[in-house]
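>
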Amino acid sequence: MNDQAQNNIISTKNLSVSFPLGKTFFGPKLFVKAVSNITLDIPRGSFFGLVGESGSGKTTFGRALLKAAPVSNGHVEYHDEEVSYNLNDITKEELKDYRKRMQLIFQDPYAALSPRMTVRDILAEPIELMGLTSSREETDEKVREIAAKCRLNLEHLRRFPHAFSGGQRQRISIARALISNPKFIVADESVAALDVSIQADVLNLLKSMQKEMGLTYLFISHDLSVIAHICDQVAVMYLGQLVETAPTHELFAGPKHPYTKALLSAIPSLDPDDDSKAQRLEGEIPSPASPPPGCKFHTRCPFATDICKKDEPQLDYLSVTHTVACHHWKDLETSNT
Ligand SMILES: Nc1ncnc2c1ncn2[C@@H]1O[C@H](COP(=O)(O)OP(=O)(O)O)[C@@H](O)[C@H]1O
Ligand SMILES: [Mg+2]
């Protein structure tokens, strides 16, 4: 392992996840290839965005990092300052330890919190299950500490989740995810269910906790405008594959893949005179059970040619941190589309 690899909390190599769809009577067993051949590094300490339309495989990728999806090929490595794991050959004991180090924050704060437990018990549950404290006093101390950090007051701890607004519930979910002092967080559409005015509050909390606790996030969202505000790097997924990865400012200043360009142009502009380069994304994302051959985006791409229908494009490296998978990205640069 080289030094560069040591700086990445997560490295995936050719990661693929397939869900069995059942058997046809005569034919072979069918699969949905939800994640296909993804090679990606998530630097330690980063706020790493993963974006793509619904159905592109973002949640499945996140779950594969938690060893909670049927990986059919490739591998996932995890490195923090203390341990390194290869999820393909992790032991039961190691998996238990790994799951203390990484946590998931869900989209729906209404579904994620048990309605019959007080906030105190909701927050205490993970550390009790993990055996991280030895007395009720110690547990309560930790509960009070994380509640304060997540701006929940002591009064709140005695109440049940239904007494709270969506934004407050999401803060409870975040406190619950962070109480065990994890290193890596997968935040899956964590603000998608919230009003725009509340989203900023929750994003600010995630960001401030990152600094305070030295966290790394994989922040999954279908909304590139949310990613723009908070992430320092972005990976764009389409139909189970990576089409482009770049530092956020680079992706917004100079997107290379036609799909990234289309996602960007769908963000409402603040400039009323700006009608440049609007590329509407036509049609639906095809089914991952029967993806098109060649470049998977070719059925919706305005620049697709014959080669795109036949050959799958490889990831090109513009730099160590900027990659793009498109047969024509260079031509599109020179023709300035
Ligand atoms: N447990 C499952 N069984 C079968 N298919 C699944 C399962 N989970 C996800 N899929 C399929 O995998 C594809 C990717 O889904 P998902 O990862 O949820 O995408 P996203 O989070 O980007 O919306 C979809 O076509 C979805 O229907
Ligand atoms: Mg999802």
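FYI, the numbering for the sequence shown is 477 to 813, going by this note's numbering.
Even glycine gets a Cβ: it sits at the ideal position worked out from N, Cα and C.
#1: Just the Cα atoms here: how many angstroms apart are T721 and Q709?
#2: Excluding five sequence neighbours on each side, which residues of the same chain lie with their C-beta closer than 6 Å to the C-beta of C784?
#3: Determine, using beta-carbon pairs with one atom in the region 520-535 and one in the region 786-801, whether at least three such pairs fall under 8 Å.
#4: Should K625 be counted as a contact of ligand 2 given a C-beta to heavy atom distance under 7 Å?
#5: Please list, in chain order, all residues of the same chain as N478 whose beta carbon is under 7 Å from its beta carbon, the five residues on each side excluded.
#6: For ligand 2, is there a heavy atom less than 7 Å away from the beta-carbon of E621?
#7: Tell me the rounded alpha-carbon separation between G642 and Y574.
#8: Under the three-state reduction of DSSP, which class applies to V800: helix, strand or coil?
#9: Under the criterion of a Cβ to heavy atom distance below 7 Å, does P764 qualify as lining ligand 1?
#10: Compare the Cα-Cα distances from G607 to each of Q579, K572, R634 and A624 and report the closest residue.
#11: Please determine whether the Cβ atom of K534 lies at a distance below 7 Å from any heavy atom of ligand 2.
#12: Should L670 and A651 be called a contact, given that it needs their Cβ atoms to be closer than 8 Å?
#13: Terminal residues of the continuous alpha helix (DSSP H) containing H632?
#14: Measuring alpha carbon to alpha carbon, tell me which residue in H705, D699 and K509 is nearest A742.
#15: Skipping 5 residues on each side, what residues in its chain have a beta carbon closer than 6 Å to that of V547?
#16: Just to confirm, are L633 and T594 a CB contact at a threshold of 8 Å?
#17: Quick check on the DSSP output: the beta strand (DSSP E) that includes E720 runs from which residue to which?
#18: Quick one: complete beta strand (DSSP E) runs, 3+ long, within the region 527-565?
#19: What do you get for D565, buried or exposed, if any count of 16 or more other CB atoms within 10 angstroms of its CB means buried?
#20: Sorry if obvious, but does the Cβ on S530 come closer than 7 Å to a heavy atom of ligand 1?
#21: Quick check on DSSP: helix, strand or coil for S494?
#22: How many angstroms separate the CA atom of G525 from the CA atom of P519?
#23: Which runs of the beta strand (DSSP E) fall wholly inside the region 610-671 and span at least 3 residues, in chain order?
#24: Please confirm if the region 574-588 is in contact with the region 616-623, defined as three or more CB-CB distances below 8 Å between the two stretches.
#25: State yes or no: is the C-beta of D699 nearer than 7 Å to some heavy atom of ligand 2?
#26: Cβ of S697 within 8 Å of Cβ of V511?
#27: Let me check you understand the geometry: is the CB of D664 closer than 7 Å to at least one non-hydrogen atom of ligand 2?
#28: Should L589 and R647 be called a contact, given that it needs their Cβ atoms to be closer than 8 Å?
By the coordinates alone:
#1: So the two alpha carbons sit approximately 7 Å from each other.
#2: Closer than 6 Å at the Cβ level, and outside the excluded window around C784, lie G770, C771, H774 and H803.
#3: Too few Cβ pairs lie closer than 8 Å, so no.
#4: The closest heavy atom of ligand 2 lies 7 Å or more from the beta carbon of K625.
#5: Residue confidence is low: N478 scores 49 on pLDDT, short of 50, so the model does not pin down where it sits. No coordinate-derived value is stated.
#6: It does not: the Cβ of E621 is nowhere closer than 7 Å to a heavy atom of ligand 2.
#7: Per the coordinates, the alpha-carbon of G642 lies some 30 Å from the alpha-carbon of Y574.
#8: Correct three-state label for V800: strand.
#9: For ligand 1, at least one heavy atom lies less than 7 Å from the Cβ of P764.
#10: Here the closest residue by C-alpha is K572.
#11: Checking every heavy atom of ligand 2 against the Cβ of K534, one is found closer than 7 Å.
#12: Their beta carbons are not under 8 Å apart, which means L670 does not touch A651 by this criterion.
#13: Under the DSSP assignment, H632 falls in the alpha helix (DSSP H) whose first and last residues are L630 to L633.
#14: Out of H705, D699 and K509, D699 has the C-alpha closest to the C-alpha of A742.
#15: Result list for V547: V493 and A540, in chain order.
#16: Yes; because the gap between Cβ atoms is below 8 Å, this pair is in contact.
#17: Here the beta strand (DSSP E) through E720 covers Q717 to P723.
#18: The DSSP assignment places 547-555 and 560-562 as complete runs of the beta strand (DSSP E) inside the region 527-565, in order along the chain (cut-off: 3 residues).
#19: Classification for D565: exposed.
#20: Distances taken from the Cβ of S530 to the heavy atoms of ligand 1 include one shorter than 7 Å.
#21: In the structure shown, S494 sits in a strand (DSSP, three-state: E or B).
#22: Cα to Cα, G525 sits roughly 12 Å from P519.
#23: 660-664, all fully within the region 610-671.
#24: Too few Cβ pairs lie closer than 8 Å, so no.
#25: Annotation for D699 indicates a beta carbon at 7 Å or more from all heavy atoms of ligand 2.
#26: In this structure, the beta-carbon distance from S697 to V511 does not fall below 8 Å.
#27: When distances are taken from the beta-carbon of D664 to the heavy atoms of ligand 2, the shortest one is below 7 Å.
#28: Taking 8 Å as the Cβ cut-off, L589 and R647 do not qualify as a contacting pair.
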